[in-house]
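By the numbering used here, the letter at position 320 of the sequence shown is numbered 1088, and the numbering carries on one by one without gaps. Data block below; observations after.
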Amino acid sequence: MTTTTIPQVSVAPADLPAVVDQELNAARFIDVHTHLFMPSLGNLGLWGIDELITYHYLEAELFRSSTITPREYFALSKREKAKAIWKALFVENTPVSEAARGVVAVLHALGLSTSDLGEAREFFASQSLDRHIDRVFELGGISEAVMTNDPLDPDEAPAWENGAGRDARFHPVLRLDRILNKWPDHWRALESKGYQADERVSSVTGVRRFLADWVKRMQPVYMAVSLPDTFEFPEDSIRGRLIEHAILPACREFNLPLSLMIGVRYQVNPAIRLAGDGVGKADLRAVERLCSGFPSNRYLVSVLSRENQHELCVYARKFSNLMPFGCWWFLNNPSIVEEITRERIEMLGTSFIPQHSDARVLEQVIYKWRNTRRTLVPILAKAYALLAADGRAVTREEIRRDIARLFRGNFEKWIAA
Ligand SMILES: [Zn+2]
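Next comes the structure, spelled out in structure tokens:
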């Protein structure tokens, strides 16, 4: 009797961390939410050392470790801002915070000195963006990044309207923040483009046509909106009516998931601008009502408050049209990622998306994904060790399959369902 079946050998418990580490590093992930842009959209995409250093996470930290005021800081040029942050957070203090350490990790990964701002500036100035993107994605271990594309962004819309070329490395997302959160400031933009619109949304016909045209133009992988901690649904408000009567039907018509990122307290401190948003615990009964009231819609949900994480897992157990994803913004720190990811594995197995980078500056995918892999090694290894101790050892192939599901398959299935 002949057989070509290769016997699958269980991984010994002592080898689990090494095998998980190898498989995580060999896998190419899909980054399911970023603020990166494909080059054909023009100069919207941020990259390079001055952008890395002036990331709003580090701006927030600057004002804790320097006497410079926000007013003085925001009057500086980009290079001067970077110099001020470099001096305060990297020279006069040790860059141990997550965001500061990230800049160090990027420089190191690119083979640069971690203490020479001038050398870094020379290096980035000499890069050609297209090849640099390939190298950064390789170092970050990702094959594709999902963008954030708001059709009412006056800096971005013209590039789409002029037929921006597609790029296999980047997937578009139809972002709805201006429509849903700032309708009074933006309905005239719809009207000026020939769509029926008015301040009180007396009809959704124009919005539906606007969405249909942009879905056709962009071919997004999902629609998305960030929402405050006070978000409620259903709600007798412009946003509530638009979600129920325009967004959800459009998602069903075009078979697109809706991504909800809930829990921002917008502009707690407006003086520090992008760094000025905070976090609040949300009432996730809004998610329950969306999942149960509109069962043929699919939702990708990330919640910003640590206190909301457990109930999000519980809701995902109740509703198979709910996919939790990522550890977002203030949660993307190893101690909190570890807690949330363990909780998700214990409650959901491998039926969730553990992380996205939320990168705003291209090279951030290097450190954010390295950190994710490093944090995930002991978490996954421990899950497999517990399973082995209870009588079911796993093979390398099973570990590979699980990682592919977590970091690619769950997302691919969700957008293609
Ligand atoms: Zn984001």
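Note that CB positions come from ideal geometry on N, CA and C, so glycine has one too.
Rounded to whole angstroms, the gap between the alpha carbons of Ser1125 and Leu1148 is 19 angstroms.
Distances from the CB of His801 to the heavy atoms of ligand 1 include at least one below 8 angstroms. Excluding the 5 residues flanking it on each side, Pro1017 has same chain C-beta neighbours closer than 8 angstroms at Arg976, in chain order. By the criterion of at least three beta-carbon pairs nearer than 8 angstroms, the region 916 to 927 is in contact with the region 803 to 813.
By the beta-carbon neighbour count (other beta carbons within 10 angstroms, threshold 16), Ala782 is exposed.
Per DSSP, Pro807 is not a residue of any beta strand (DSSP E), being assigned neither H nor E. Rounded to whole angstroms, Glu1166 and Arg1173 show a C-alpha spacing of 10 angstroms. In this structure, Trp1096 has its CB closer than 8 angstroms to one or more heavy atoms of ligand 1.
Per DSSP, reduced to three states, the secondary structure at Asp1170 is helical. In the DSSP assignment, Ala913 falls within the beta strand (DSSP E) that extends over 910 to 914. By the CB criterion at 9 angstroms, Pro1122 and Leu1144 fall inside the cutoff.
Straight-line measurement puts the Cα of Pro838 at about 9 angstroms from the Cα of Arg1041. Three or more pairs of CB atoms, one per stretch, sit closer than 8 angstroms, so the region 1079 to 1093 contacts the region 1061 to 1069. A distance below 9 angstroms separates the beta carbons of Trp951 and Leu1010.
Rounded to the nearest angstrom, the gap between the Cα atoms of Leu830 and Val859 is 12 angstroms. Ser1073 sits buried, since 16 or more C-beta atoms from the chains shown fall within 10 Å of its C-beta.
The Cβ atoms of Gly870 and Gln1132 lie closer than 9 angstroms to each other. The three-state secondary structure of Ala980, taken from DSSP, is helix. Listed in chain order, the alpha helix (DSSP H) elements of length 4 or more contained wholly in the region 921 to 998 are 925 to 929, 945 to 949, 951 to 960, 973 to 986.
Counted as a single uninterrupted DSSP element, the stretch harbouring Val1032 is not any alpha helix (DSSP H) but the beta strand (DSSP E) occupying residues 1026 to 1033.
Approximately 6 angstroms separates the beta-carbon atoms of Arg1057 and Pro1002; this is inside 8 angstroms, confirming the contact. According to DSSP, Thr1163 shares a beta bridge with Ser778. For Ile1134, the enclosing alpha helix (DSSP H) starts and ends at 1132 to 1157. Excluding its 5 nearest sequence neighbours in each direction, Phe1120 has C-beta neighbours in its own chain below 6 angstroms: Pro1092, Arg1112, listed in chain order. Val788 carries a helical assignment under DSSP once its states are collapsed to helix, strand and coil.
Excluding its 5 nearest sequence neighbours in each direction, Gly1046 has C-beta neighbours in its own chain below 7 angstroms: Arg1033, Val1036, listed in chain order.
Taking C-alpha positions only, Leu1155 is separated from Ile1108 by approximately 19 angstroms.
Distances from the alpha-carbon of Leu826 to those of Asp799, His801, Lys855, Ser845 put Lys855 closest.
Spanning the alpha carbons of Phe999 and Gly1008 requires a straight line of approximately 9 angstroms.
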